[in-house]
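A short worksheet on the structure shown next.
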Amino acid sequence: MNNWIIPSNSSKFDLAKFLSKYNNEVDWKQSANFEVGDVVYIYCTKPEMRIRYKMNVIATDIPSSKAKIDKKFWSDEAELKKGMEYNRYFRMELVSETNSDLLTMDELHRQGVKGYFYGPRTIDRELSMYIDKAFNK
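Each residue of the sequence shown is one higher than the one before, counting from 43 in this note's numbering.
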């Protein structure tokens, strides 16, 4: 089992509204080797710039034809099309949501995170424990 951080850009996809409509589940382009049982923290890019969601991976290798895809939540049609052409998704379910100031990019940098999140990144146990503490406060 791995712990990951992936970015979500609200100017391209409205994750919050999608989760609300689809019973706290979302299908995401599977651009890394996610496995059922992995924990995925979702980092929301500008303007939030913080980790906001904790998710569990519940399915992998879902073709576009079976993925939960709803065009009305996408403002970047080209990005949606790229995902559909890639034809490989994984499904996550929401575990928890937070607006903790402990999970802003500035705080994550203070915890040793290098750079920014441009794609899926595995994280070590120490960082995962720090993030989980913020979700449990």
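We treat Cβ as the ideally placed atom computed from N, Cα and C, and that holds for glycine.
Output yes or no for whether 9 Å exceeds the beta carbon distance between D69 and W46.
-> The residue given as residue 69 occupies position 27 in the sequence shown. The residue given as residue 46 occupies position 4 in the sequence shown. Going by C-beta atoms, D69 is not nearer than 9 Å to W46.
List the endpoints of the continuous alpha helix (DSSP H) containing I173.
-> Numbered from 1 along the sequence shown, position 131 holds the residue referred to as residue 173. R167 to N178 is the span of the alpha helix (DSSP H), which, as asked, contains I173.
Cα-Cα, which of R167, Y160, T140 and N141 is closest to Q153?
-> Within the sequence shown, residue 153 is the residue found at index 111, counting from 1. Shortest Cα-Cα distance from Q153 to any of R167, Y160, T140 and N141 involves R167.
Bridge partners of L136, per DSSP?
-> Taking the first residue of the sequence shown as 1, we reach residue 136 at position 94. In DSSP, L136 forms a bridge with M97.
Are there 16 or more other CB atoms within 10 angstroms of the CB of V78, so buried, or fewer, so exposed?
-> What you label residue 78 is simply residue 36 of the sequence shown in a count that begins at 1. Counting Cβ neighbours within 10 Å, V78 comes out exposed, since fewer than 16 surround it.
Where D112 sits in the DSSP three-state scheme = Mapped onto the sequence shown, residue 112 falls at position 70. Note: D112 maps to coil in three-state DSSP.
Is the distance from the Cβ of Y95 to the Cβ of S53 below 9 Å?
-> Taking the sequence shown and counting its residues from 1, one reaches residue 95 at position 53. Taking the sequence shown and counting its residues from 1, one reaches residue 53 at position 11. Contact: no.
Quick one: what's got a C-beta closer than 7 Å to I104's C-beta in the same chain, skipping five residues either side?
-> Numbered from 1 along the sequence shown, position 62 holds the residue referred to as residue 104. The answer, listed in chain order, is D69, Y131, F132 and R133.
Work out the CA separation of I93 and N66 for me, nearest whole Å.
-> Start at 1 with the first residue of the sequence shown, and residue 66 comes out as number 24. Start at 1 with the first residue of the sequence shown, and residue 93 comes out as number 51. Cα to Cα, N66 sits roughly 17 Å from I93.
Rounded C-alpha distance that separates Y83 from E119 = Residue numbering aside, residue 83 sits at position 41 when the sequence shown is read from its first letter. Residue numbering aside, residue 119 sits at position 77 when the sequence shown is read from its first letter. Roughly 24 Å separates the two Cα atoms.
Terminal residues of the beta strand (DSSP E) in which Y128 lies | Here residue 128 is taken as the residue at index 86 of the sequence shown, counted from 1. Note, Y128: premise wrong, no beta strand (DSSP E); alpha helix (DSSP H) at E119 to Y128.
Would you mind stating whether S106 and Y128 have Cβ atoms separated by less than 9 Å?
-> On the sequence shown, position 64 is the one that residue 106 refers to. On the sequence shown, position 86 is the one that residue 128 refers to. Closer than 9 Å, so yes.
Spatial distance of P162 from S170 (CA atoms) | As a working note, residue 162 is residue 120 in the sequence shown. As a working note, residue 170 is residue 128 in the sequence shown. Approximately 14 Å, taken between the alpha carbons.
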